[in-house]
Amino acid sequence: PFNYDSQKAQPYQAGRKHFAVLLDPDNLTEASCLNIIALSETHPIDFFFVGGSLITSQNQASLIRLLKAHTNTPIILFPSNSQHIDSQADGILLLSLISGRNPDFLIGQHVVAAPKLKASGLQVYPTGYMLIDTGRQTTASYMSGTTPIPFDKPAIAACTAMAGELLGLKYIYMDGGSGAMQPISASMIGEVRKAVDLPLVVGGGINSIAKATAALNAGADVIVVGNHIEKNPGFLAEVSSLVASYNVALDVRR
Ligand code: 1GP
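255 is the number that full-length UniProt numbering gives the last residue of the sequence shown; the numbers go up by one with no jumps.
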């Protein structure tokens, strides 16, 4: 059932910077999605994340079919609950919401999902998911019934990530929420970076090259952009070039 080439099975490469484009099935038409895919062919990205904290349409399956038909970029599910598993994708972020204290999102949904995941053949990425308060209540925080980590408490974020690493999770995702008014602070990303050896995914409110640069410099290994690419697809090309410039520097240093 594991029908992947090795590159697809391990699309994450330690030491490199990565760029994930988040596609929310509720927010995209077929034409806008095709436009984003076309841009990603000329300006490479590492992953398409597909999902949202509340999906009101039935578009997820057709969005994944469209991606499958037009791109080889790995398609990774970013699910809000166990109903969003789709074996057409390549992988899934199995998110445990470790910033929260809602058992359903720490382990409950996972119990429901486990047999489906085992049968799906999806590459599973066990991820400690941390919501960070960036100024207003987000859909993710409201829907999960959890309190995000305060914006200016990097020690809480660092200890939460450490706990996730000690529990055996393989990735940490710090999320300020889609369309966040401000991104997660560089100082918080830096504290988490120092606290764990795990790959660090950072997203929420990255809508300028300066903000993307700040997250990468602070220690993000993967930056995620959703909203701003939906509004301004050309931003995909800009972030692609930025991330490539980090990796060129790394290649030269080797
Ligand atoms: C949200 O991290 C993602 O879950 C991306 O956020 O839509 O603000 O880019 P944006």
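All residues carry an ideal CB built from backbone N, CA and C; glycine is no exception. Since the structure is predicted, the reported quantities are computational estimates derived from the model, not experimental observations.
Who are the near neighbours of residue i in its chain, counting only those whose CB is closer than 7 angstroms to its CB and skipping five residues on each side?
{"i": "I65", "result": "V51, I76, D87, Q89, A90"}
{"i": "T57", "result": "D27"}
{"i": "E239", "result": "I210"}
{"i": "Q61", "result": "P26, V51, H85, D87"}
{"i": "L251", "result": "G16, R17"}
{"i": "C34", "result": "L24, L64, L67"}
Using C-beta distances below 6 angstroms, list every residue in its chain close to residue i, excluding the 5 sequence neighbours before and after it, in chain order.
{"i": "D134", "result": "P149, P151, F152"}
{"i": "F181", "result": "Going by the sequence as given, residue 181 is Ala instead of Phe. Around A181: T135, G205, G206."}
{"i": "F48", "result": "A21, P75, I77"}
{"i": "F106", "result": "L98, S145"}
{"i": "P155", "result": "S188, M189, E192"}
{"i": "K171", "result": "P127"}
Consider the C-beta atom of residue i and the heavy atoms of the ligand 1GP; say whether any pair is separated by less than 6 angstroms.
{"i": "G235", "result": "no"}
{"i": "V226", "result": "yes"}
{"i": "S179", "result": "yes"}
{"i": "G205", "result": "yes"}
{"i": "D176", "result": "yes"}
Which residue marks the beginning of the alpha helix (DSSP H) containing residue i, and which one marks its end?
{"i": "I65", "result": "61-71"}
{"i": "S188", "result": "187-196"}
{"i": "L167", "result": "155-167"}
{"i": "S81", "result": "Looking at the DSSP string, S81 is not in any alpha helix (DSSP H), and its letter there is neither H nor E."}
{"i": "Y13", "result": "Taken as a continuous stretch (DSSP letters only), Y13 belongs to no alpha helix (DSSP H), as it is neither H nor E."}
{"i": "M144", "result": "140-145"}
{"i": "I210", "result": "210-219"}
At what residues does the beta strand (DSSP E) containing residue i begin and finish?
{"i": "T128", "result": "124-132"}
{"i": "A21", "result": "19-24"}
{"i": "L107", "result": "L107 -> no beta strand (DSSP E), and no H or E assigned at all."}
{"i": "L35", "result": "Run containing L35: none in the beta strand (DSSP E); it sits in the alpha helix (DSSP H), 31-43."}
{"i": "I224", "result": "223-226"}
{"i": "M182", "result": "Note, M182: premise wrong, no beta strand (DSSP E); not H, not E."}
{"i": "I93", "result": "92-98"}
Which same chain residues end up closer than 8 angstroms to residue i when comparing Cβ atoms and leaving out the 5 residues on each side of it in sequence?
{"i": "S242", "result": "H44"}
Taking 6 angstroms as the cut-off, is the beta-carbon of residue i closer than that to any non-hydrogen atom of the ligand MG?
{"i": "L23", "result": "The ligand MG is absent from the structure shown, which contains only the ligand 1GP."}
Can you find a C-beta in chain B that's less than 7 angstroms from the C-beta of residue i?
{"i": "Q138", "result": "Given the protein chain composition of this structure (a single chain), no chain B is represented."}
Is there contact between the stretch 230-248 and the stretch 155-170, where contact requires at least three CB pairs shorter than 8 angstroms? Here the stretch 230-248 does not lie against the stretch 155-170, with fewer than 3 beta-carbon pairs under 8 angstroms apart.
Does the stretch 183-198 come into contact with the stretch 209-221, if we say contact requires no fewer than three beta-carbon pairs (one atom in each stretch) closer than 8 angstroms? With the cut-off at 8 angstroms, the stretch 183-198 and the stretch 209-221 touch.
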